[in-house]
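Okay, so here's the structure we're looking at.
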Amino acid sequence: MNTSTSINSQDLNMMPAKKFLLLEDSNINVKINFYNKYNFFCTKSNTQCIKLDITFTFGLDLKVDMKLVSSIGTVSQIGDISKMIIWVQDDAIRNEIRSCTNYLQRQKNLNFAISILKNIAVTIEERKLILQMLILHSDGCIQYKNHLDGGVLIVYHTEDKKYFKSHWKIQFICATHSAIDCIDFTVTRKDVLFYKVVKGAMDHLVSPNLPFNVKVQHWWTVMLLILDLTKSNIT
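According to the numbering used here, the sequence shown holds residues 1 to 235 in order.
Quick look at the structure:
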């Protein structure tokens with residue numbers, strides 16, 4: 001069954017009181033693209049079970065496949081989840097948030113998984129918007145690519161000089177159940193003037209949990225400082 005409606009209890013037909021209450025929130029930014037449910041008999045536990053195959057879209061384009069196995073509850077709800085498999089369709093994002101999806105699979109709580117993945121989707125979209133802003137205003141000097149360790153590698157360089165490299169990765173903190181930006185910069189210290197000029201803004205950006213508008217402000221400050229230096233031919 002293919003759908004594109006906002007997620008709700010009728011779509012899933014499963015609403016245990018303790019585990020799936022968030023699915024009734026009409027403001028949740030999650031859509032169901034594919035949904036299939038069928039019953040089977042589990043010989044290991046000697047019980048009737050349900051298997052659910054669901055494809056979600058979180059935010060604009062974070063597509064995630066989930067496979068759930070649960071014991072049968074009442075007509076309108078399923079029992080406890082005994083197995084959860086989460087597969088992020090985008091290869092780069094899957095690699096970046098693998099520790100998070102592994103943790104969610106161990107928790108076996110659909111409501112919790114949806115809440116966390118929604119927050120990660122927001123963080124990914126914020127990063128994408130900032131990267132688009134940097135590229136638009138850098139006159140071709142900004143380039144980025146997927147990093148082997150997850151996240152993106154950002155490089156600002158001109159024909160004769162590399163100003164900085166930055167590794168921007170989204171990390172999931174199990175203790176606080178939060179997704180945070182993990183940003184680091186590489187700047188040539190022997191370029192003393194440039195290092196002193198941009199150090200303040202970069203120090204702010206390496207702090208986690210910055211609001212989106214603050215991240216935009218500090219990235220924009222870095223850009224303006226570089227542009228001022230190049231225009232004045234100081235570098």
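Here a beta-carbon is modelled for each residue, glycine too, at the ideal position from N, C-alpha and C.
Report buried or exposed for leucine 224, applying the criterion of at least 16 other Cβ atoms within 10 angstroms of its Cβ. Leucine 224 comes out exposed.
Leaving aside the five residues before and after tryptophan 219 along the sequence, list all residues of the same chain whose C-beta is less than 6 Å from its C-beta, in chain order. Ile130
Going by DSSP in three states, alanine 179 sits in which element: helix, strand or coil? strand
Histidine 218 - containing beta strand (DSSP E), residue span: Element bounds for histidine 218: not the beta strand (DSSP E) but the alpha helix (DSSP H), 212-231.
Just tell me which of Asp61, Cys49, Phe41 has its CA closest to the CA of asparagine 29. Asp61
Three-state secondary structure (DSSP) at leucine 110? When DSSP states are grouped into helix, strand and coil, leucine 110 belongs to the helix group.
Identify whether cysteine 100 lies in helix, strand or coil by the three-state DSSP scheme. helix
For asparagine 146, three-class secondary structure by DSSP: strand
Within the chosen definition, does the region 170-178 reach the region 195-204 through at least 3 CB pairs nearer than 8 Å? The region 170-178 makes no contact with the region 195-204; the number of CB pairs closer than 8 Å stays below 3.
Name the DSSP beta bridge partners of glutamine 48, please? Phe41
Closer than 8 Å by C-beta to aspartate 184: which residues in its own chain qualify, once you throw out the five before and the five after it? Chain order, please. Ser166, His167, Val206
Work out the CA separation of alanine 201 and threonine 74 for me, nearest whole Å. The predicted model places threonine 74 with a pLDDT of 47, which falls under 50 and marks its position as unreliable; any figure quoted below should be read in that light. When rounded, the distance between both Cα atoms is 56 Å.
What do you reckon, are the CB atoms on cysteine 182 and tyrosine 163 nearer than 9 Å? no
When you compare each of Pro208, Leu229, Pro211, Val214 to aspartate 191 by their alpha carbons, which one comes out closest? Leu229
Look up lysine 83 in the DSSP assignment and give the residues it is bridged to. DSSP, once it has assigned bridges, lists Val69 as partnering lysine 83.
Among residues of its own chain, excluding the 5 on either side of glutamate 96, which ones have a beta-carbon nearer than 7 Å to its beta-carbon? Gly150, Gly151, Lys169, Ile170
DSSP has threonine 57 in a bridge; who is on the other side? Bridge partners of threonine 57: Lys31, Lys63.
Hey, quick one: how far does the beta strand (DSSP E) through lysine 199 stretch, first residue to last? Not the beta strand (DSSP E): lysine 199 falls in the alpha helix (DSSP H), residues 192-205.
With H, G and I counted as helix, E and B as strand and the rest as coil, what does DSSP make of asparagine 36? strand
Between lysine 108 and the rest of its own chain, which residues show a CB-CB distance below 6 Å, the 5 nearest in sequence each way excluded? Ile81, Met84
What's the gap between the Cα of histidine 157 and the Cα of lysine 128? 20 Å
What distance in whole Å lies between the Cβ atoms of serine 71 and threonine 47, which are believed to be in contact at a cut-off of 8 Å? 5 Å
So, using beta-carbon positions, are valine 64 and leucine 117 closer together than 9 Å? Contact: yes.
Taking DSSP as the reference, what is the three-state secondary structure of glutamine 89? coil
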